[in-house]
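Chemist: Read in order, the letters of the sequence shown are residues 7 to 219 in the working numbering.
Positions of the beta carbon are idealized from the N, C-alpha and C atoms, including for glycine.
Since the model is a prediction, treat every value here as computed from it, not as a measurement.
Can you read through this structure? Questions will come right after.
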Amino acid sequence: MKTAILVALAAATTIPADAQTAPPAVTYIQAGTLLDRPGQAPRGATTIIVRDGKIVALRDGFVAPEAGATLVDLRTAFVMPGMVDMHVHLWGIGGDPMRARLEAMTRDRFDDEMTAVANARQTLAAGFTSVRDLGGDPRGIRALRDAIDAGAIEGPSITNAGEMISVTGGHGDGGNGLAEEFADMVHGREVNVCNGPDDCRRAVRAQVALGAR
C-alpha cells in the first residue's frame, strides 16, 4: 500500500522585503495520486505547480520542471491538502491532570515553550497545516506562531485563542481542587479567571493584550 503523505497545498513562502524584484519561487510537485476535491475521486499522476506559495496549475502526468524550479518527487505517494484541527493544546505537557500538576512544580514557561515547539512539529508531521490553540499561554503561543510564520521553526499556521475565560471554580480555574495555599498562589498569577461583567471584560482584554485573537 502506498504511504499516504499529507502535503500542505497552500504552504506559505516567505520572501524578504529586499528580494521583491527577484523572480518568483517556483515548485513542481509530482504526485502519484492527488486528492484535490474532497468527496470526489482522486486524480492519477498529477503535477502541482506552485508560484510564490500559491498553487497556480494542476497538470496531468509528471511534467518536467521549468528552469530554476524546485522539484518535489512524490510520484509513489498519495497527496492531499493539509488538514485543519480547531481544538489543540500545543502548550504544556497535557495528559493526566494530576501528573501535569505535579510536574508543573519543576517547570516554568520556558519548559512549556519548548514543549510547544515539539508539539507543533509533530502536529505538522501528522498532516495538520492549520490549527486553533485553546488554553495555551497567549504570549507564548503568539511567539510560537510568529516563529512558524517567519520560517524559523516547523509547524502549522496557528490561530491563538488564548486561555479559557472562567469564573472562580469554573473549568478554566487552575486552582480547582488544590489546597488553599496552593490555590491562592495560582490565583495570584491567573488573568483568565473573573467574576461579573466588568471583571470578565478585564479578563478578555488581558488575553487580547497578550496575543489572543
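(1) In chain order, what residues of the same chain lie with their CB nearer than 6 Å to the CB of SER136, ignoring the 5 residues before and after it?
(2) Beta-carbon within less than 6 Å of ARG145's beta-carbon, same chain only, minus the 5 sequence neighbours each way: which residues are those?
(3) Where DSSP assigns a beta bridge to THR53, which residues make up the other side?
(4) Would VAL32 pass as a contact of ALA70 if the rule is Cβ separation under 8 Å?
(5) Thinking just about the alpha-carbon of each residue, which of GLY88, ASP139, ARG138 is nearest to the one in ALA132?
(6) When you compare the CB positions of ALA2 and LEU80, do they come within less than 8 Å of one another, or not?
(7) If you measure between the beta carbons of LEU64 and THR82, is that distance less than 8 Å?
(8) Can you tell me the Cα-Cα spacing of ALA25 and ASP139, whole angstroms?
(9) Nearest-angstrom Cα distance between CYS206 and ILE171?
(10) Check the C-beta distance from ASP118 over to GLY98 and give it rounded, since I have them as a contact under 8 Å.
(11) Leaving aside the five residues before and after ARG127 along the sequence, list all residues of the same chain whose C-beta is less than 8 Å from its C-beta, in chain order.
(12) Can you tell me which of ARG148, GLU187, ASP143, GLU186 puts its alpha carbon nearest to the alpha carbon of PHE196?
(13) Below 8 Å on the Cβ atoms is my guess for GLY168 versus GLN213; work out the distance and round it to an integer in Å.
(14) Start and end of the alpha helix (DSSP H) containing ASN125?
(15) Which residues bound the beta strand (DSSP E) around MET191?
(16) Using DSSP with H/G/I as helix, E/B as strand and the rest coil, what is LEU41?
(17) Would you call the CB atoms of ILE35 and VAL62 closer than 8 Å?
(18) With DSSP collapsed to three states, give me the class of MET104.
Modeler: On the basis of the data shown:
(1) Counting only residues of its own chain and dropping the five nearest sequence neighbours on each side, SER136 has a CB closer than 6 Å to the CB of VAL90, PRO162, SER163.
(2) Here ARG145 has LEU216, GLY217 as same chain residues with Cβ atoms under 6 Å from its own Cβ, once five neighbours each way along the sequence are excluded.
(3) According to DSSP, which records beta bridges pairwise, THR53 is partnered with GLN36, ARG65.
(4) Against a cut-off of 8 Å, the Cβ pair of ALA70 and VAL32 comes out as no contact.
(5) For the options GLY88, ASP139, ARG138, the alpha carbon positioned closest to that of ALA132 is the one of GLY88.
(6) Only positions 7 to 219 of the chain appear in the structure, and residue 2 is not among them; the question remains open.
(7) No, the Cβ-Cβ distance between LEU64 and THR82 is not below 8 Å.
(8) Low per-residue confidence applies at ALA25: pLDDT is 46, beneath 50, and the placement is therefore not dependable, though the value from the model is reported in the following sentence. Spanning the two alpha carbons is a distance of roughly 33 Å.
(9) Approximately 7 Å between the Cα atoms of the pair.
(10) Confirmed, about 5 Å.
(11) Around ARG127: ILE159, GLU160, GLY161.
(12) Residue identity differs from the one stated: residue 196 is Glu in this sequence, not Phe. The option with the nearest alpha carbon to GLU196 is ASP143.
(13) So it is a contact: roughly 4 Å between Cβ atoms.
(14) Per DSSP, ASN125 belongs to the alpha helix (DSSP H) from 115-131.
(15) Per DSSP, MET191 is not a residue of any beta strand (DSSP E); the alpha helix (DSSP H) it occupies stretches across 186-195.
(16) In the structure shown, LEU41 adopts coil according to DSSP, grouped into three states.
(17) Pairing ILE35 with VAL62 gives a Cβ-Cβ distance that is not under 8 Å.
(18) Residue state for MET104 is assigned as helix, using DSSP reduced to three classes.
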